[in-house]
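> Sharing a structure here in structure tokens format.
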Amino acid sequence: RKEVEQDPGPFNVPEGATVAFNCTYSNSASQSFFWYRQDCRKEPKLLMSVYSSGNEDGRFTAQLNRASQYISLLIRDSKLSDSATYLCVVTGGSTLGRLYFGRGTQLTVWP
Amino acid sequence: DGGITQSPKYLFRKEGQNVTLSCEQNLNHDAMYWYRQDPGQGLRLIYYSQIVNDFQKGDIAEGYSVSREKKESFPLTVTSAQKNPTDFYLCDSSELAGRGRETQYFGPGTRLLVL
Chain A
5 RKEVEQDPGP FNVPEGATVA FNCTYSNSAS QSFFWYRQDC RKEPKLLMSV
55 YSSGNEDGRF TAQLNRASQY ISLLIRDSKL SDSATYLCVV TGGSTLGRLY
105 FGRGTQLTVW P
Chain B
-7 DGGITQSPKY LFRKEGQNVT LSCEQNLNHD AMYWYRQDPG QGLRLIYYSQ
43 IVNDFQKGDI AEGYSVSREK KESFPLTVTS AQKNPTDFYL CDSSELAGRG
93 RETQYFGPGT RLLVL
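In order, the protein sequence lines correspond to chains A and B. In this text, residue positions in the first sequence follow this note's numbering: the first is 5, and each later residue adds one. In this text, residue positions in the second sequence follow this note's numbering: the first is -7, and each later residue adds one.
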């Protein structure tokens, strides 16, 4: 079983739409949780950390449910510039600091 | 500015040839990691090092070798045993303070192409 599983996508939505990505992780000892954004042929960049209390950054809201081992990302009022691949990432396990990546979900926002 | 640098951005390799990818960080981080990204597969760990002169295999170490002679440097060698190494290689570093990784430091990546 993979450490991190994500919605396969791709997601194609119009500008202004709300889109939600989901992710589950298998290691209950995972300690830190993130959403990264990756543009084509570029390195992943941290979008936001995810906390049990939930956190919001502008149009982006991330939620963590430790009991269900489930992470979500909600994007409101989608912009063309949101088109990218979104990676669900967790740490934990026997290797301190190591990141475990989901395969990523591709989002295309069209005009 | 602190960060991670990777070079080269593109690297051409002939079959059977060993090539070395560079990763340097000036963040004073203890740990460094190499990942490979295959299309549709996500990033997978090749090797990691948590301290100078020590490194460990990740999930896909076969066909690769590393060294960690200096804290700031963690070069990756793709050996001739690697049959299909045409992929995107990313280097990453972190502190090992036992706290969560609140910051991310990826290098810009090296794309390896087989001639």
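Even for Gly, the Cβ is constructed at its ideal location relative to N, Cα and C. No experiment lies behind these values; they were computed from the predicted model shown.
Within a Cβ cutoff of 6 angstroms, which residues of the same chain sit near A/ALA48, ignoring the five residues on either side of it in sequence?
Strictly speaking, residue 48 of chain A in this sequence is Pro, with Ala absent from that position. The answer, listed in chain order, is TYR40, GLN42 and LEU91.
> Whose C-alpha, out of A/ALA71, A/LEU50 and A/ASN69, is nearest the C-alpha of A/ASP61?
A/LEU50
> Can you give me the C-alpha to C-alpha distance between A/SER82 and A/VAL54, rounded to a whole angstrom?
20 angstroms
> Are the C-beta atoms of A/LEU103 and some chain B residue less than 9 angstroms apart?
yes
> For A/PHE15, which residues of its own chain have a beta-carbon under 8 angstroms away from its beta-carbon, when the five flanking residues on both sides are left out?
VAL23, PHE25, THR109, GLN110, LEU111 and THR112
> Alpha carbon to alpha carbon, how far is A/SER56 from A/ASN69? Give it in angstroms, no decimals.
6 angstroms
> Could you tell me whether the stretch 5 to 12 of chain A touches the stretch 56 to 63 of chain B, where touching means 3 or more Cβ pairs closer than 8 angstroms?
Contact annotation: the stretch 5 to 12 of chain A does not touch the stretch 56 to 63 of chain B, with fewer than three C-beta pairs closer than 8 angstroms.
> Mind listing the chain A neighbours of B/SER41? Cutoff is C-beta to C-beta under 9 angstroms, in chain order.
Those within 9 angstroms of B/SER41 in chain A number zero; the least Cβ separation is about 11 angstroms.
> Is there a Cβ of chain A sitting closer than 9 angstroms to that of B/ARG98, yes or no?
The residue you asked about is not Arg; residue 98 of chain B is Phe in the sequence shown. For B/PHE98, the answer is yes, since a Cβ of chain A falls inside 9 angstroms of its Cβ.
> Check B/ASP22 in the structure and name its three-state DSSP category.
coil
> Tell me the rounded alpha-carbon separation between A/LEU84 and A/TRP114.
Rounded to the nearest angstrom, the two C-alpha atoms are 6 angstroms apart.
> If you draw a straight line from the alpha carbon of B/LYS1 to that of B/LEU13, how long is it in whole angstroms?
9 angstroms
> What residue from A/ILE75, A/GLY101 and A/ARG80 has the CA that sits closest to A/GLN10's CA?
Selected option, being the one with the closest Cα: A/ILE75.
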